[in-house]
Each structure stands twice: as C-alpha cells, then as structure tokens.
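> Chains as they are written, first to last, in full-length UniProt numbering: chain Z, 1 to 426; chain B, 1 to 426; chain G, 1 to 426; chain C, 1 to 426.
I'd like to ask some things about the structure below.
Protein chains: 4
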Amino acid sequence: MNPLSEEKVFKDPVHNYIHVQDSTIWRLINTTEFQRLRRIRQLGTSYLTFHGAEHSRFSHSLGVYEITRRIISQFERSGYPDWPKEERLLTLCAALLHDLGHGPFSHSIEEAFHMNHEDWTRRIVTGDTEVNDILSEIAPDFPDKVSAVIAKTYDKPIVVNLVSSPLDADRMDYLLRDAYYTGVNYGTIDIDRILRMLRPYQGRVVVKESGMHAVEDYLMSRYQMYWQVYFHPVTRSSEIILRQIFRRAKELYQDGYPFGFMVEPLPQLFEDKLDVQAYLKLDEALIQTAFLQWSYEDDRILSELCTRFMHRKLYKYVEMDSVDLEMIDEIRREFGQAGMNPEYDLEIDFPTDLPYDVFRPGDESSQKQILLLDRQEQLREISEVSDIVRSISGIHRGKYHLYYPEDKLEKAITDLSPSISRIFKL
Amino acid sequence: MNPLSEEKVFKDPVHNYIHVQDSTIWRLINTTEFQRLRRIRQLGTSYLTFHGAEHSRFSHSLGVYEITRRIISQFERSGYPDWPKEERLLTLCAALLHDLGHGPFSHSIEEAFHMNHEDWTRRIVTGDTEVNDILSEIAPDFPDKVSAVIAKTYDKPIVVNLVSSPLDADRMDYLLRDAYYTGVNYGTIDIDRILRMLRPYQGRVVVKESGMHAVEDYLMSRYQMYWQVYFHPVTRSSEIILRQIFRRAKELYQDGYPFGFMVEPLPQLFEDKLDVQAYLKLDEALIQTAFLQWSYEDDRILSELCTRFMHRKLYKYVEMDSVDLEMIDEIRREFGQAGMNPEYDLEIDFPTDLPYDVFRPGDESSQKQILLLDRQEQLREISEVSDIVRSISGIHRGKYHLYYPEDKLEKAITDLSPSISRIFKL
Amino acid sequence: MNPLSEEKVFKDPVHNYIHVQDSTIWRLINTTEFQRLRRIRQLGTSYLTFHGAEHSRFSHSLGVYEITRRIISQFERSGYPDWPKEERLLTLCAALLHDLGHGPFSHSIEEAFHMNHEDWTRRIVTGDTEVNDILSEIAPDFPDKVSAVIAKTYDKPIVVNLVSSPLDADRMDYLLRDAYYTGVNYGTIDIDRILRMLRPYQGRVVVKESGMHAVEDYLMSRYQMYWQVYFHPVTRSSEIILRQIFRRAKELYQDGYPFGFMVEPLPQLFEDKLDVQAYLKLDEALIQTAFLQWSYEDDRILSELCTRFMHRKLYKYVEMDSVDLEMIDEIRREFGQAGMNPEYDLEIDFPTDLPYDVFRPGDESSQKQILLLDRQEQLREISEVSDIVRSISGIHRGKYHLYYPEDKLEKAITDLSPSISRIFKL
Amino acid sequence: MNPLSEEKVFKDPVHNYIHVQDSTIWRLINTTEFQRLRRIRQLGTSYLTFHGAEHSRFSHSLGVYEITRRIISQFERSGYPDWPKEERLLTLCAALLHDLGHGPFSHSIEEAFHMNHEDWTRRIVTGDTEVNDILSEIAPDFPDKVSAVIAKTYDKPIVVNLVSSPLDADRMDYLLRDAYYTGVNYGTIDIDRILRMLRPYQGRVVVKESGMHAVEDYLMSRYQMYWQVYFHPVTRSSEIILRQIFRRAKELYQDGYPFGFMVEPLPQLFEDKLDVQAYLKLDEALIQTAFLQWSYEDDRILSELCTRFMHRKLYKYVEMDSVDLEMIDEIRREFGQAGMNPEYDLEIDFPTDLPYDVFRPGDESSQKQILLLDRQEQLREISEVSDIVRSISGIHRGKYHLYYPEDKLEKAITDLSPSISRIFKL
C-alpha cells in the first residue's frame, strides 16, 4: 500500500532496527509535528533521578510503531483468518501517532493546566497540520479513523487492542525502552516470546495459554518499573516543584506581574487559550529556557522554585504510614509561624493518586483484560488462571510522602514544636 | 579524604553503578555548573541521525569519573609504587570536571564563534563559581591544579595521562556510552580487561604487553565509531546548518536587525563579550528555543535555516572523490543565476577537517603515545609492535561531500547546465 | 593469607572475570577432584530441552566462589563489625567446594541409587584426596570446618548463610548462569544491587529494607526459572528415562546379565559399594558411553531405553488435573494386554515431588528465612512486608503428567478402550 | 515445501529463537546422526582454557541453519531476481548438515589419524543413515546434491556461497557463538546489518558497498578471535597432549599391548578401518571415558598423558622468535640424557601451521573472495577498497612455542646445560 522503493531503517538500541516500508509512515515521521516529539522526554523529569533517562517520545513512538509492525507481520505470515488485513496501515499510523499530543513534562503540565494529551493528539491528527494532510491522502475519513483508534472508539476492537490494551505495543516498548535508558534491568521482557504468543481471535488480540508465564513476567516487570522508576520519590519531588512553578507563574501572570522573560505560547497557556498551532510550539526546550530565565525574576517564590528545578535542589521527603488532616493543618500552621510558606513548602503525596495505570486484573471492561486462549479454544481472563497476577492486583503501598525544602526547614527548626520536629526527623 | 558517611551511587546503564565516596565529589556534582551539563548533549546534533543519542555530557562526565576511580582503586589495591597516592582526589576532580566548559552543540558553536571549551572549563574552575568554592576548600591552589591537569600542563604526567591521553578514561567512556545510546555496537570494548592491563610506570600510565590485542580492539572500535557515527554525513549536514544559523544570526545582530526573540546571553555571544556567568546561561534548551522562535522571523534566510534544523529538513549531499576550486566557483555562479543563494546553499565538507582526534601512532609527543611494557620491563610504542595499529594510522577516506538544499535545487533545475546537473545527479 | 604473587583470573561469561587471589583457592581449583566437575553438567539433562545448557558444575562452582568473594570484599571494605574477618578463607573454600560431590545427572542418579551429593562432598573433603591435602595445610581441622559449613552445622551461621540460605551465592550464580546458557532471560537479576544490599548483622546475613524490591525480583526470577526451565516437562521426560535405565541396568546386573559393556566403577554403583576413589571415577562421559554401548545390548528393555535417551526419542506426556489410583491401574492393565510393558511404559509425575527447593516464606527455621533490616534496625521476615513474596509462597501448579512412549502406544491403539484412548488424545 | 502444521522453535542464546518451518528440517534434526553432534564440542579442547566454551556442534549447526534461513527469507522478501527460489530447501539442508561428519576433538583427531570431517559428512549424507533416508524422500539425487554443496562442487555457486565462503552462515554463527560461550566479546558482530547488506548478484552472494565497514568489523572480529581464542597457547597445549595420547595408544595397539579398557570403535580407529556405522559411535564421551580409564594403564607414557589431559596438568610453554633445528636437536639430546623422553616431552608449535583458515584478501579463487557491489553495480574485491582489510591480510605473528612438562623439567634441571636452561627460564 504505497510501499517505499527501498525499505528505510532507523538504528534503534532497543529493537536494533526499525523498518519502514510504507511511504505514508515515512512521510509522517518527517512532519513538523512528529519531529517535535524529539523535544519531549519520554519519562518527564525522571532524568533527574536516572541520568540516563534522556530519551524522547520520538524514540518511543518509533518503537511502538515497530512492535505493531512485527505483530501484524506475524499475523499475516501465520495467515490467521481473524486478522482484518485491510486495517494494517490504519493500525500502524495510530501506533506511530498515539503520543503526538504529549506536551512538555506531560504528566505535570496536564495536572497543572487540566489538559489531556489524548485530546491534543486527536486535535493534531484532525486539525490543520502536516500529519493531517498526509493521512487525508489515504482517504478523506482516514484522519478520523486514526483519531478513533487512539480514542479507543474505533469499531474494530482488535485494532484498538494492538495500540491500547494491557498488553499493547505501547506498554511493551516503554518497558523495554525505559529499562534500557535508566539502566534498571527490571523492565527486560522476552518480547519475542510474547509476540509469538499473540493471536487475533474473535475480533480481539488474545494470548495463547502456553504464553502465560511470559505474560506473568511482563506484568511483574511492569509492577517493578512502577515502584522502582515511575513512582520514584525523587522524581515525584521534581514533579511537585514543576507543578508549583506552573501554579506560581500562572498566578503571577493573572496578577499582571511584569515577567522579565515571556514568550509565545506561554501567555496562551496561562490564559487557557491554546490552539493547535500554539500548542505545537510547546516543548521542553522552551520550558527549561523559561525556568532558567525565571530563576532571575524578582518574585522570590518563582525564582526559588525555578532555581530548585534547574539546579536540582529538590525537596526532601519523609515517609508516613498514614496522614491525618489535623496533623497537616498543624504542620502548615507551624511552618507559617516559623516564617516558611505553607502554600509551597509542604506537599503531601500518595502514589496511587498518580496518573499511571496499574493493571487491574478482573476489570470488567473487556478492553482492559488480558485473555488467555487454551487448547480447547476457551478464553479465560488471566487472573483466573495465574496466582501471581491475582496477587499483584490488590497490591498498593499505602505510604504517604511529605515533601519539603530541607534547607528552609533547618533554618526554621527552633520555631517548631517537638512533635512536628519528630515527623521531619530533625 | 573527607569520605561520605555512606557511599552514594548513581544508576548508570553503561557502568551499572557509579560510586561516590568523597564528599568533595558529591558536592561538585550538585553544583549549578555541573548540573548545567544535563542540558548539553554528549553528541551534539547526532541525535538527528541516531535518535537514541540523546545522552548528556552530565552522564558522560560521571562515567569518566567512574572509570578513573576504578583505575586508581586498582592501582592502590595492587600497591604499585609508581602511583602517587596523594594525587587521587585531584585526578578524580579533573576527570569529573574536564568537560565543564562545553557549550551547546559544542563543536559547531566553537567553530562559529572561535571559542574553546577547554579554556571555558578552566575559566569556570578558577572563576567565581560554586565549583571553585568547593575546590578551594581543599587548598587555595587546588582549583589551579585541577585547571592545570585539564590543560595538560600539570607537572605529573601520570595524572594528565589518566584524564587525557590516547587511552584515557574520557575516550573509554565515550566509546562505550555513544555505542550504547546510538545502538551501534562497534564501540563495545572490553573495558575490564583494558583496566586490568594498565600500570603506572616511571611517571606514566602504560599497558602491559599482554594487553596489546585489547588495545588494538579499542583502537579499531574508535576507528569504526568515527566513520559510522561521529563523521556520519547526516550529522555533518545538521552541523553545517547549525553553523549557518549562527553565522546568519550574528550578521543580522551586527546589522541591527530587530529580532522577534532575543534573550540573554545571546547578545553577549554575538558581541564576543561572554563572561563566565553569561556563558553558564548557554545551554541547548536556549539554542533550540531561539531557533524555534526564529523560524518565525521575517528574515527568510534565518527562518528557513531554523525551520530546517528544528524540523529536520536537512541538506542532501553528493560524494566526490575530488573537488577543484574552479568547479566550486562555477556551481556557486550557476546557483546564483538560478535564484539560489550561493553563500548558504552550498557547503563543501571534507571529514578530516573535523575537530575530532584520530589516534596517530608514531606521534613524537609522548603524551599522545600508547606505550606497551613487556616482560623485560621495556617500553615500546604500540605501532612498533602491532601491524593493525600501524595500518590504521595512515587511513583516511578522501571523499568530499557537497551539501545543498534538495528542494531548492529541484526548483532551480532548469536553470543549471548539464555538467552541474550531473554532479547533483539530477 | 597465602596470597598469590599475582592475581589470577578466569574469563567467565556471567561474571566477566573470576578473580583468584589466594594460593589455596588456586591449588584447589587445580585438583583432580575439582577438575572432574568439568564433566558434570550443571543442569543434568536440561540440554535435551535447551540445547545451550551444556555448562558444567565447574563453571558454576567458580561462579559461587566469585560471588562469595565479592560479598566478603564488600563487607571488609565497608568495615562492618559483624563480619568475622578470620572466616574469609573458610567461607571461600566452602563456596568453591560445595558441589564437589555431585554425580553424573545428579538428581536422577541420587534418586535411583539413594545417594546424596552433600554427603559425598563431605566425604571427598575429609577423605584421602588432593583437596583434603591442601585444606589440611591450613590447619588440621580445616577440612572438617569446610565440611561443617557445607553441612550447615558450622557454629557461625553467618558463614553458612553465605553458602546456603534462600539468598546465597549458590542460588544467585545458578539463576544468572542457567539463564545465560539456556537463553531464557527470566533469570536475569540485578546482582550488583542485591550484593550492595547485604549486610552482616547479629551473626547473620540480612538485607537492607531498601533492597526489598530487588529481593522480590530475585524470588520471581527463581519462580519463573523453576517453571520455565527446571520443571520443563521435556526435561522431566528425559529424567524419567534416565532413572528407568538405571533401574533396569541394576536389575540386570543383580540377575547376572552378561553386559557387553561394563566398566569400573559401575559394578560398585550397582552393588552400593562405592568408596570415594570409585565415586570420583563417575562422570557424565562414562554414563553416556555406557548408554551408547548398551543401546546395542540384547536386553530389549535396556537397549530401547538407552536408544531413547541417547538419540532423544523421549516419552510424550499428557497433562491431567488429577489422577486416581484406579485409573492408573486400569491404564497399566490395558497397556499390559496391548503388549506394552506397564512397568516402563507409563510414569506419573507431579512436579512438586521434585528435588528442587522452592522458597517458602514464613518458614520457621531461621536458616531458611530472608530477613529485612529497616532503618530502625528492626528485622522482619520478608513475607511480612512483601505482598508479592507472600503470594508466591502458596503457589504450586497441581498438574499431573503421564509420560509414555508415543510410538508404542500408537501401535497398541486398537487394543485400548475408548476411555483410556481419550486420556492419551488418540 | 512440506511445511510443518505449526512452526517449531528452539530457544537459543545467540539467535534468541531458531525457527523450523519445514518438516524435512525437523526430521533431520531428530535423526541419530544429528543428535550425535550434541556430544561433540564446537571448540574442542578450548573449554580447558575458557571454561564456558562447552557448547556443542549441535548448537552451532542449528545456528548456521537459522542464519541461512534468515538470509534466504530476506532474499525472498526483497524479491531479488538473482536468487534461485527452488534451491531453498537444498541450501537449508546443507547448512544444517555441513558439520555432521565432525569427530570428537575434531582438529586433533583428524591430524592424528589423517581423517577429514568433510569427507565423513559426505559419507554420512550419502550412506546408509537416517539422514540419507529423509533426504532421499525429497528426490533420489537430493543426498548427492547436499553432498555436492558441502563439497563446494555444486554447480550453483550462490548456494555454495551461503554455506561456505569468507562471509558465510558458518563463520557468522561461530564468531557469535564462540564469543558468547567463552565470554570474550571480540566476536560480537552486527549480524543484522551484515544480513541486510547481502545480495544475490550474478550467481553469487555479494555485499552492498555501504556495508563495507560492517564487513571490516566482521573480519577484525575474526582476526581477534583467532588470536585470543582459537590459537590460545593453553588450548594448543591441550591439543598437543591429545595428539600424543592418540599417537601412543595407536603405537601400543599395533604392538599388541593389552589395554585394560578397549571398546568399539577404537580398534577400527587404530586400524584405519572405520566405516560409517563405526564412525558414528565416536564421540567425546567415549574419548574422555577411554582417557580416564587409560590413566590407570600400566604403560607409563599413556597413563601420564591421560592424567595430564583429564586433570588439566598441561604442558607449559616458552615463546621464541625463531627456532633452529640444531637447537632443537640439542634440547632433545639433553632431555634424553636427563632421563626425560624427548619424543614426548618436547613439542614445537608454530601457529600458522594451524588448521584454521584466515581470510586472505586478494585470493584469486573467487569462492574465497568478498565482493562489494557499488551504486554503479560494479563489483570490487574488498581489499581493493578497504585499507583495514588489506592491512590484516599479511599479518601473522611469527612466534614459536616450545611446549614441555614443567614438573619433569624441574626435576631434570641439574642435568641441563646453562644455555638450554636459559631457554626454559630455569
């Protein structure tokens, strides 16, 4: 379907080579919108904890495309009748583009400004963009179809499954890639074996029963990566500061503060007036540049926060089994009395509030299930069969973390009551 | 010597863990100046060719420190009398800080503005900086000593050897790290074996003769990495555009052009008036932000170049065995007549002009030699012993590359003479 | 303590280099008894399932020694007061020699002849052997001490812990090594991190609490390796045939059958009269040679079994949720009527009968516990803290396997009743 | 062409999975003759130097098959017209079976008994064997065709090229596999890239010019593996002892010596009367068993040699730049006078006498060339283009090694003249 005269390859540390055979895919990669993903890190601020984790969403998106391509190739080679061959290009495009709408430091900026990257992805795919032009050449309704796959509303669940499901190309790539770049080897999974075990069946992607242990291993890797990498308290600390910066800058902007540095499209961001063209100008280079410039602003809250973020003077934390509101109020009150700023100098974090998904076996929504196909062609949800998976399902660590600026607390120490001091191990 | 109460580690994909045992090293890593290296990529624009190569000089600097630490540990464990134990901390500091003065897209910016990162490293180390404060606590002349090691003028060559010589910690780390992040496996060397083979001897670091093959392999890896990665023509293309942007922006600035976007310390850069504080504000986030903003400037040359760089619409190239000035003049003339801009739309590149070093065995300067120590305690320069090394020494590929904007050339095609068209395979 | 003039190294794919610093260790490796371990495979018949798994107990023993050496080095470097420095050499010797008594196809031969490799290890260590001579040079009671450590009766539990406990050097090496040689990546564990987390504490080896996830990952890897590799039904099939060969040969020998091939020390083996010198002549080369020769014997049962084993014509199997004795009796009866040999042509296997250990958290025996040390210097057994570990503990797969010769069953098919045929999916 | 109903896979550490799609290949793997390769080590006695190198020719043969399969798949996917599709199965069979005739400790036994493994391979393929039965089912002349490919006389050079040429599947697999199992990383090559660069062209397999550096790297890896692994002097020492054992045993047999242990087919081996059935009984288990048993023989030369080999008490060596016959005669004379056995206690070795092939660029025989195909569809022999390759071509290390039993020499020391003592550094 519009094949390239010669296959193109990208050298990739995770998949060795990424193979591009369709001219449409090649052209999509070369659009302005897709190239922008080079300036958005895959793991946000994690590079402040794991210095190797500087890889971009560009790399990840190519990886998701490549895994999807391999799955489809195998479906076609095996001649499985349940695979709708005509959906190949659509699936590949959706796989490649599924993260197109991510903003800089995605999770934090979304939380701070109530945005959603999936919405933005769909606005870019269907808006006035180079990507849209290329997709429209396939068919006028093709951009909408891509958008529907990404929104999980496309009417063939098997296509949606490949791009977003508990065992999709997205998750497989990020586990492998994040493990590779952080150097944490918990994410290493036997992707070849998993791919061999996938089968299109009755309009869905399922796993042959003999692949159960490989899936267990994949889910355990994910579990470990969440606790070791994605929820790492140092990363959380940097995300908290990031959100505080956004909050403060927005407050100041709304108050008419005369910023020393202000550049498009930051005003639109603060005014909630971003359109697609403005949104596409947002990248992590801009955010970092703004933060470095703002570290010289007169507003001391903003300049201090920016200094913390840029030079990695992060908040410290203490871990608590439980937290009650009274205690929090008391801390805030004492912080205020001691000359600290209770609005910014204390943040409470509970990891399960996090915007990452944890696999919940037994979920009734069939899109969120992993189904095993046994030799009698019976389907069973994996947690019915695997004790391991069942055991992970209910697990969460109920630890609260209190984040605070250690340097300021140390100065305020004499003004704090003994009970509060004890909490912070002073 | 001022040890930490508990060893600190960084998780690193290349060395697994980086171990910090001295409080001085720990504090240096946490300075503003060292943290800035997170925003300078190790391989400049190579990420446009190898999308995985997004790693920073921060990672590399930690790696150089770690290799140096391991070498010294081994020297100490083996009790070699020729190792001056009192130089341990100095050597570690110099290893950690040796790249501190790198600017954004280092090789290109140095060429465009006639700067030198080693000078800047020494200015930062000896200037009014956090790094200087910490080093000065060791001894008032300690910053100068670190600076001297980096300048290769320190009076103990063995210390200089570890940080800069043909077989130093710097080169060993970058080969391994660049191979890891690009995914190109040519750079894989048996570093454990090389480290085991190093010995301090008569005031220098030499290699035991039984390590000859390991050194051959290391030099071949370097040779391969140069041709496969560092001199890659696509990377060269992006570097050319980068330099053109710097050139154009400086011209415009000097002509009083009213930039839509201009921020500190760019004016100082254009006026050659950077001081240490201004220099430290330069990073790749700033350069990328400027370029993205400039892609909307009215000056068409600048906006086009910035668009090319940011959205990776790079120049194409043709390879030629030789190039003569007459031909170049003719091309430029025809380009001009066809409405192209001969100043910007043609660049000639010859890889051996590149600012990378290639090992030249037989070099008379003893600092640039690799010496083998045989069982009779005789020293021999490696190219006397190894045919392989001797054979690499004279090798260079004499291919010229002509870079040009393909889109513009295609439009101008009818205005070009057949002989010129043939050169560009039109 | 009797150091070598220069450290010796072995190149090892798993640990990169194995470092020998003591002359005692070097001499032990070069004994006849230790070299014999080159002819005993680490994974017995697993090479018939995973063709790469041809590695020997020699390699594994070096690996266990190396891990132990690294742990002790770290204990010494950290200056932990709870590590008894004077036990270093003893611990290293016990680590190196702990598998010295393994026989050919160890688990099967032990089961067939009611032997125990640990007993043999101690008999070799304390008997008239080269190993004993070298150990005795350290101190007259040194061989007994080594023997006591291996028997887990040595009076310093911390020494025993390093060599045999749920998180010992033995298990860490075999997980890594078996994963490497089979190519199954489930066994990959972050050994550097685990080693960093170990601490001698109150006479035991414990794990710092921050290493909990690394221990979880290690236990999951073990769990996966058990089900994917060690209990693999094809390997079980070959072990069953192996035991049948031993059984048949012993029967024949006791009946005075005139073997075409019989060589020392097989008669002693069949007569239960092995002494240390005879035992040391047993290796896998001898067993394989006997089996190949016996494949030409007149006794058809023996020759068929040997042919099966040597040329990998293994038994097939069917999986059953449960098995009752009546059914088994019925199968045997019908097999007999159909001209098959019910004694040999049917074997029932239930994996949890297997001679491998699975970690059982909550075990009261403190030697079998993994203890976590938290910041308040409190010890807690890991299953109290980790949901994952608790969840694995009760897991076993209750599947029975019926093994049988497919070729013979296919010939007998018409003589079997429909209900029995159904069991074998005929 | 007779495809399996479901693809079978073997887990392989080097290629991850080996895929079997044809029923013929599957059945060939399961023959007695092919299974015998499990008992022949790929690297002969190298396991005495590199303890990890215990891998078999069975593994290697599967690997050669798999690489060949991948090359052919790629040829077919790319639709290259120069690939003769009808030769697929023939090529795969020849790739799988090319080493079928290897005997135990192949290089040494061939030298000792003037045998040739390629001849044996062809005798097995065309003789009365299970392999021959299966091949004959394809076509009556199919076994002869397979034999012709292995003998390099088949009339389509492209088929021969894939199985034996300087850049064939055999060499690619053994470099990767031997590197993996020894742990020496010099053999690591980018096989995916090399495979991508191969092209069938005018009846041969050639390499696209852009793959030149990958080929250089492959040839350098080979060069390094030869010197680091295949020619390792400790391995040579064990090979020398092995040949001496064969020599002594044959002498004794011919003299009618009453061996305590003698078993089929050793008599046929000593009498040069091996037929195919007898040859197939030879394996390394048998040789090791014989050697262990012979270490108890009364003949002291044989028993000592066998003890040396089995318990790794190898000969030591000294390195000499040159050797003259007079000196050798003098050493032998003095050895004799000192009570040593000059026939066995001195061996001179010169590595380039070794039975391994080194790539010789510029070889006129076109089967031994590596040809590059440039963009103008011109073929050039690689050494014309690559300086590196040209430089390796003439390289050999002209060192002689004198091997001797150190223990005996030390006892004889007082009887040797000073000049001879000096040679052996006594």
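All C-beta atoms in this analysis are idealised placements derived from N, C-alpha and C, irrespective of residue type, glycine included.
Here the structure is a predicted model, which means the values were calculated and not measured.
1. Whether or not the stretch 148-167 of chain G and the stretch 192-205 of chain G are in contact is what I'm after, with contact meaning three or more pairs of Cβ atoms, one per stretch, closer than 8 Å; do they touch?
2. Whose C-beta lies closer than 8 Å to the C-beta of G:D357 among residues of the same chain, with five residues either side of it excluded?
3. For residue 460 of chain C, report the span of its beta strand (DSSP E) as first-last.
4. 7 Å is my cut-off, CB to CB: does B:D374 come that close to chain D?
5. Could you compute how far the alpha carbon of B:L354 sits from the alpha carbon of B:H98?
6. Considering only DSSP beta bridges, list what Z:L302 is partnered with.
7. Roughly how many whole angstroms lie between the Cα atoms of B:P3 and G:V229?
8. Can the beta-carbon of G:I72 be found closer than 7 Å to that of G:R88?
9. Compute the Euclidean distance between the alpha carbons of Z:L62 and Z:A278, then round it to the nearest angstrom.
10. Taking 7 Å as the CB-CB limit, is B:N30 close to chain C?
11. Are any of the Cβ atoms in chain G nearer than 7 Å to that of Z:S419?
12. Starting from the Cα of B:D168, find the closest Cα among B:I138, B:Q376, B:M197 and give me that residue.
13. Does the Cβ of C:F350 have 16 or more other Cβ atoms within 10 Å, making it buried, or fewer, making it exposed?
14. CA-CA distance, B:R39 and B:R57?
15. Look up G:N16 in the DSSP assignment and give the residues it is bridged to.
16. Going by Cα to Cα distance, which pick from G:R77, G:T49, G:I25 is closest to G:P200?
17. Taking Cβ positions, are B:K408 and B:M340 nearer each other than 7 Å?
18. With a CB to CB cut of under 8 Å and the five nearest residues on each side skipped, what residues in its chain are close to Z:S421?
19. Let me confirm a value: B:P258 is counted as buried when at least 16 other C-beta atoms fall within 10 Å, else exposed. Which label applies?
20. Please classify C:P166 as buried or exposed, where buried requires at least 16 other C-beta atoms within 10 Å of its C-beta.
21. Based on the DSSP output, what are the partners of Z:I348 in its beta bridges?
22. On the CB-based measure, 16 or more other CB atoms within 10 Å of its CB, does B:A139 come out buried or exposed?
23. List in chain order: all unbroken beta strand (DSSP E) runs of 3+ residues lying wholly within the stretch 187-267 of chain B.
24. Tell me C:L135's beta-bridge partners as DSSP assigns them.
25. When the Cβ atoms of the stretch 235-246 of chain C are set against those of the stretch 109-117 of chain C, are three or more pairs found closer than 8 Å?
26. Excluding the five sequence neighbours on either side, which residues of its own chain have a C-beta within less than 6 Å of the C-beta of B:T307, listed in chain order?
27. Taking the alpha carbon of C:L219 as the reference point, which residue from C:D141, C:D22, C:T49, C:I370 has its own alpha carbon closest?
28. Of all the options Z:V184, Z:T24, Z:E347, Z:E86, which has the alpha carbon lying nearest to the alpha carbon of Z:W227?
29. If you compare alpha carbons, which of G:H15, G:F10, G:S5, G:V385 is closest to G:S210?
30. Any beta carbon of chain C sitting closer than 7 Å to that of G:L286?
31. Given a limit of 7 Å on CB to CB distance, which residues of the stretch 186-204 of chain B reach chain C?
32. Does any C-beta atom of chain Z lie closer than 7 Å to the C-beta of G:Q378?
33. If the cut is a Cβ gap below 7 Å, which residues of chain B does C:H213 touch?
34. First and last residue of the beta strand (DSSP E) that includes G:M320?
35. Report the residue from G:L372, G:H15, G:I287, G:Y344 whose alpha carbon sits nearest the alpha carbon of G:R300.
A quick look at the data gives this:
1. yes
2. Residue confidence for G:D357 is low, a pLDDT of 48 falling below 50, so the modelled location carries little weight; the figure read from the coordinates is stated next. So no residue of the chain qualifies.
3. Shown here, chain C extends from 1 to 426; a query on residue 460 of chain C therefore has no answer.
4. Here the protein chains are Z, B, G and C, and chain D is not one of them.
5. In this predicted model, B:L354 has a pLDDT of only 42, less than 50, meaning its place in the structure is not dependable; the value taken from the coordinates is given anyway. Whole-angstrom Cα-Cα distance: 21 Å.
6. DSSP, once it has assigned bridges, lists no residue as partnering Z:L302.
7. 46 Å
8. The answer is yes: Cβ separation under 7 Å.
9. 25 Å
10. no
11. The Cβ of Z:S419 sits no closer than 7 Å to any Cβ of chain G.
12. For the set B:I138, B:Q376, B:M197, the Cα lying nearest the Cα of B:D168 is the one of B:M197.
13. The residue in question, C:F350, is exposed, as its Cβ has fewer than 16 Cβ neighbours within 10 Å.
14. 8 Å
15. G:D12
16. G:R77
17. In this structure, B:M340 lies closer than 7 Å to B:K408 by Cβ.
18. The beta carbon of Z:S421 is closer than 8 Å to those of I413 in its chain, skipping five residues each way along the sequence.
19. exposed
20. Residue burial is scored here from C-beta neighbours: C:P166 has at least 16 other C-beta atoms within 10 angstroms and is therefore classed as buried.
21. Z:L402
22. exposed
23. 198-201, 204-208
24. Assignment of beta-bridge partners to C:L135 by DSSP yields no partner.
25. yes
26. S295
27. C:I370
28. Distances from the CA of Z:W227 to each of Z:V184, Z:T24, Z:E347, Z:E86 were compared; the closest alpha carbon is that of Z:V184.
29. G:V385
30. Cβ-Cβ to chain C under 7 Å: yes for G:L286.
31. Identification of residues in the stretch 186-204 of chain B having a C-beta nearer than 7 Å to some C-beta of chain C yields Y186, T188, D190, given in sequence order.
32. No, no contact with chain Z.
33. The answer, in chain order, is Q224, W227, Q228.
34. Counting along the chain, the beta strand (DSSP E) containing G:M320 begins and ends at 316-320.
35. G:Y344
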